[in-house]
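Chemist: For the sequence shown, the working numbering assigns the number 4 to the initial residue and increments by one for each residue that follows.
Okay, handing you the structure first.
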Amino acid sequence: MYRRSREDVYANELPSASHVLAQLAAWVRDYDDVHPHKDLGMRSRQGHRALCRCGATP
Numbered sequence: 004m005y006r007r008s009r010e011d012v013y014a015n016e017l018p019s020a021s022h023v024l025a026q027l028a029a030w031v032r033d034y035d036d037v038h039p040h041k042d043l044g045m046r047s048r049q050g051h052r053a054l055c056r057c058g059a060t061p
């Protein structure tokens, strides 16, 4: 699993553990769907899936 960098974590206000847990699902969703991935040619997983659906060569 991807480890969040300090910049990722400190970019968000984290006043308590419960606040972190409340944001965790959104962070994971952002990483899975929006964040660019090196192995996908710096495309997001969502962008990569869209290319594959339209028949483009990744």
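Cβ coordinates follow ideal geometry from the N, Cα and C atoms, glycine included.
Predicted model only: the values in this text are computed from it and were never measured.
1. Using 8 angstroms for Cβ pairs, my map puts residue 48 next to residue 40. What's the rounded Cβ distance?
2. From what residue to what residue does the alpha helix (DSSP H) around residue 23 run?
3. May I ask which residues mark the beginning and end of the alpha helix (DSSP H) holding residue 50?
4. How long is the line joining the alpha carbons of residue 20 and residue 26, rounded to whole angstroms?
Modeler: Looking at the atomic coordinates:
1. Against the sequence shown, residue 48 aligns to sequence position 45. Against the sequence shown, residue 40 aligns to sequence position 37. Indeed, because the Cβ distance is near 7 angstroms, the residues count as touching under 8 angstroms.
2. The count along the sequence shown starts at 1 and reaches residue 23 at position 20. That run of the alpha helix (DSSP H) goes 20-36.
3. Position 47 of the sequence shown, counting from 1, holds the residue named residue 50. Element bounds for residue 50: 48-56.
4. What you label residue 20 is simply residue 17 of the sequence shown in a count that begins at 1. What you label residue 26 is simply residue 23 of the sequence shown in a count that begins at 1. Taking the straight line from one Cα to the other gives about 10 angstroms.
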